[in-house]
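Numbering of the sequence shown is given in the UniProt record's numbering, commencing with residue 1 and proceeding in unit increments.
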Amino acid sequence: MTLYQKSLQDFQKGYLGFATLAIIGQSCLGGAAAMYILQNGTSFFQMIQLAVVVIACSFVNGAILSQQKPKLVFNLIIVSVAISIAAIILNNFVL
1 MTLYQKSLQD
11 FQKGYLGFAT
21 LAIIGQSCLG
31 GAAAMYILQN
41 GTSFFQMIQL
51 AVVVIACSFV
61 NGAILSQQKP
71 KLVFNLIIVS
81 VAISIAAIIL
91 NNFVL
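Dropping the structure here:
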């Protein structure tokens with residue numbers, strides 16, 4: 001069993017608790033990413049990055065609140081976290 005499959009199986013078993021933690025965690029991570037993006041200014045490039053981070057976090061929150069299937073929510077959480085971490089790295093270390 002791969003790490004993804006084992007994590008998905010655990011997420012499905014404890015969906016209610018993990019969904020609650022995911023809302024809090026990815027929203028905080030998205031907020032940190034937004035902070036790092038806005039520290040570098042408000043140019044068009046920063047606004048595009050900010051929009052992508054906000055949309056990714058909103059998709060996760062929307063999927064959880066609209067009671068989508070756990071696999072979809074899990075995949076959206078992974079994408080949202082990856083986008084937020086990439087934005088933090090890009091704006092903290094590269095730009």
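Glycine included, each C-beta is placed from N, C-alpha and C at the ideal position.
- In terms of Cα proximity to L21, the closest of I89, S84, I64 is I64.
- It is roughly 32 Å from the alpha-carbon of L90 to the alpha-carbon of Q9.
- Following the DSSP letters along the chain, one finds G31 inside the alpha helix (DSSP H) bounded by residues 15-39.
- Three or more beta-carbon pairs separated by less than 8 Å are not found between the stretch 1-17 and the stretch 26-46, which leaves the two stretches without contact.
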